[in-house]
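Number of protein chains: 2
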Amino acid sequence: MPKIETLLSPALFHLHSEGLEDKQVVIIDVLRATTTVVVAFENGVDHVVASASVKDTLTYRDKGYLVAAERNGIMVEGFDLGNSPQDYTPELVTGRNIALTTTNGTRALNMAEEAETVWVASFRNLSATAEALTQNGRDVLLFCAGWKDRFNMEDTLFAGALAEQLLTMGWTTDDDATFAAIDLYSQNSHRLEAFLEKASHVQRFKTLHIESDLQVCLKIDSSRTVVYLQDDKLVGKTL
Amino acid sequence: MPKIETLLSPALFHLHSEGLEDKQVVIIDVLRATTTVVVAFENGVDHVVASASVKDTLTYRDKGYLVAAERNGIMVEGFDLGNSPQDYTPELVTGRNIALTTTNGTRALNMAEEAETVWVASFRNLSATAEALTQNGRDVLLFCAGWKDRFNMEDTLFAGALAEQLLTMGWTTDDDATFAAIDLYSQNSHRLEAFLEKASHVQRFKTLHIESDLQVCLKIDSSRTVVYLQDDKLVGKTL
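If you read the protein sequences in the order shown, they are chains A and B. Residue numbers for the first sequence follow the numbering used here, beginning at 2 and rising by one. Residue numbers for the second sequence follow the numbering used here, beginning at 2 and rising by one.
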């Protein structure tokens with residue numbers, strides 16, 4: 002039976018990097034980078050290039066890409082898009098390519114690129130991702146992107162939601178971080194938004210007046226599209 | 002109001018080390034290093050020297066110390082004591098000094114030594130430690146020693162127990178790791194032993210046949226003695 006491990010912060014990555022080439026990794030940055038990417042695929046984007054730097058991302062404009070950049074929760078000036086999933090409308094993104102850089106999400110993607118498969122997931126494609134992981138069948142590392150290397154609540158809750166579902170599909174775990182994530186999710190799944198109210202990043206949302214993004218990010222299973230890395234590009238596949 | 006932060010793994014220490022000289026730190030390694038130290042003080046030890054190396058610890062024998070060393074859960078050969086709290090009986094330790102080295106706990110102590118006060122705590126002196134922290138009044142970092150830099154369940158649960166008590170005493174927090182620890186503890190405080198059953202370190206206990214230590218380590222508020230670092234030695238004070 003395949004095994005689940007959970008990485009609660011990118012700063013702990015070195016503890017889990019051994020044998021990564023035979024594992025699947027799920028990148029989790031639900032508020033908002035990985036939700037935004039999933040929404041972009043829901044709404045018909047062709048592919049997404051994730052880059053660590055703002056400067057590199059901007060060079061894709063000349064190649065016909067929409068360019069998207071977020072730093073500290075805010076859209077970087079001169080870009081077409083920031084990190085709000087609500088801006089990735091079908092009108093704007095259908096059939097287009099997007100180059101994207103975000104504070105935490107794209108860094109996590111780059112760290113994990115040696116893995117056998119790298120998935121990008123959010124509550125919106127929770128069950129579809131669990132199915133795709135199971136079809137693949139290799140051990141998985143649930144990689145919480147966190148906030149500047151700190152543990153965060155929302156990514157841990159999603160890791161718990163995904164791990165809980167995988168366990169019901171026959172997966173196993175002996176990892177305390179996974180047990181903790183599952184417990185946090187299962188005890189609070191009936192009141193996710195209220196539970197996240199005190200989380201540091203949701204407080205940051207209030208300062209930025211982007212609270213309506215929260216509902217979009219917590220919408221469970223609105224999508225059957227899974228997203229994964231292929232030749233340095235994120236592509237989608239509908240199950 | 003003083004603030005609480007929680008360090009879920011020593012590998013995240015760099016995120017919390019700024020301004021440490023004005024903070025209190027609580028070292029948490031409840032299975033079993035910090036429990037063992039608390040029991041030693043309950044049973045009348047004079048002071049404890051915690052050292053990172055086995056070799057250095059052994060040199061204290063010539064100075065009249067009892068010497069204690071644990072690696073990977075097992076007593077190192079040639080020492081008087083390992084890391085089982087049940088071996089630190091009044092008959093053996095009253096009025097004596099102990100030099101101790103453990104896999105994770107003493108390393109955490111050394112990392113935190115710049116703090117204004119470094120406490121060592123366990124479930125056995127939970128409330129006494131909360132009172133001592135409040136008397137001091139400075140911000141606190143709850144430092145989970147973990148297992149070889151990995152997150153572990155038992156230390157996180159204790160951090161949650163302590164943080165929950167501090168909040169009722171007027172402390173504040175805006176730290177997701179603290180919220181998570183509190184939630185894990187408050188949802189499972191009525192069944193700590195059963196909840197920890199699946200934790201990786203408790204599984205390790207079974208292999209080592211040291212399960213009876215678990216009850217000793219989970220006994221809440223059996224002691225009114227707080228333990229702290231003074232001139233490189235751990236000393237006790239009864240509240």
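Each residue gets a CB set at the ideal place from its N, CA and C atoms; glycine is no exception. Note that this is a predicted model, so its numbers are computed, not measured.
So, is the C-beta of residue i closer than 7 Å to a C-beta in chain A?
i	result
Asp156(B)	no
Ser187(B)	no
Leu16(B)	yes
Asp175(B)	yes
Ala181(B)	yes
Leu9(B)	yes
Leu167(B)	no
Phe152(B)	yes
Leu13(B)	yes
Lys199(B)	yes
When we look at the beta-carbon of residue i and count the other beta-carbons within 10 Å, is it buried (16 or more) or exposed?
i	result
Leu240(B)	exposed
Gly147(A)	buried
His191(B)	exposed
Pro91(B)	exposed
Glu1(B)	Nothing can be reported for residue 1(B): it is not among the residues displayed for chain B, which extend from 2 to 240.
Ile75(B)	exposed
Asp63(A)	exposed
Asp23(B)	exposed
Leu13(A)	buried
Asp184(A)	buried
Ala70(B)	buried
Ser201(B)	buried
Leu241(B)	The question about residue 241(B) has no answer, for chain B in this structure spans 2 to 240.
Ser213(B)	exposed
Glu43(A)	buried
Thr103(B)	buried
Gly161(B)	buried
His15(A)	exposed
Asn105(A)	buried
Asp176(A)	buried
Gly83(A)	buried
Thr157(A)	buried
Thr169(A)	exposed
Could you tell me whether any Cβ in chain B is nearer than 7 Å to the Cβ of residue i?
i	result
Ala178(A)	yes
Asn137(A)	no
Ala131(A)	no
Lys234(A)	no
Asp47(A)	no
Asp184(A)	yes
Can you pull the DSSP bridge partners for residue i?
i	result
Tyr229(B)	Trp120(B) and Val236(B)
Lys4(B)	Thr173(B)
Arg72(B)	Ile75(B)
Leu143(A)	Thr7(A) and Val27(A)
Thr102(A)	Ala70(A)
Ala82(A)	A small fix is needed here, since residue 82(A) is Leu in this sequence, not Ala. In the DSSP output, where bridge partners are listed per residue, Leu82(A) has Ala69(A).
Arg151(B)	Trp148(B)
Val50(B)	Ala100(B)
Contact defined as beta carbons within less than 8 Å: I believe residue i pairs with residue j. What is the distance between those atoms, to the nearest angstrom?
i	j	result
Gln25(A)	Arg139(A)	5 Å
Thr179(B)	Glu6(B)	6 Å
Ala41(B)	Tyr89(B)	5 Å
Arg125(A)	Ser85(A)	No, Arg125(A) and Ser85(A) are not in contact; Cβ-Cβ is about 14 Å, not under 8 Å.
Ala116(A)	Gln166(A)	Going by Cβ atoms, the distance from Ala116(A) to Gln166(A) rounds to 20 Å, so no, they are not a contact pair.
Asp81(A)	Val68(A)	5 Å
Can you list, in chain order, the residues of its chain whose CB lies under 6 Å from that of residue i, leaving out five sequence neighbours each side?
i	result
Val236(B)	His48
Asn111(A)	Ala53
Asn98(A)	Asp47, His48 and Tyr66
Trp133(B)	Reading off the sequence, residue 133(B) comes out as Ala, not Trp. Excluding residues within five positions, the ones whose Cβ falls inside 6 Å are Val227.
Asp222(B)	Leu127 and Ser128
CB-CB under 7 Å to residue i, same chain, minus the five flanking residues each way: which ones, in chain order?
i	result
Pro3(A)	Gly138, Arg139, Asp140, Val141 and Trp172
Phe144(A)	Leu8, Val26, Val27, Ile28, Ile29, Ala109 and Ala113
Phe152(B)	Leu9 and Ser10
Thr118(A)	Gln25, Asn137 and Tyr229
Leu1(B)	In the structure as shown, chain B begins at 2 and stops at 240. Residue 1(B) is therefore absent and cannot be evaluated.
Ala164(A)	Ile5, Thr7, Leu143, Thr174, Thr179, Ala182 and Ile183
Gly96(A)	Gly45 and Asp47
Ile211(A)	Ser85
Thr35(A)	Ile28, Ile29, Gly106, Val121, Ala122 and Ser123
Considering only residues of the same chain and omitting the five flanking positions on each side of residue i, which have a CB-CB separation below 8 Å?
i	result
Gln216(A)	Glu194
Determine, for residue i, whether the minimum Cβ-Cβ distance to residues of chain D falls below 7 Å.
i	result
Thr60(B)	As a matter of chain content, chain D is missing from the structure shown, whose protein chains are A and B.
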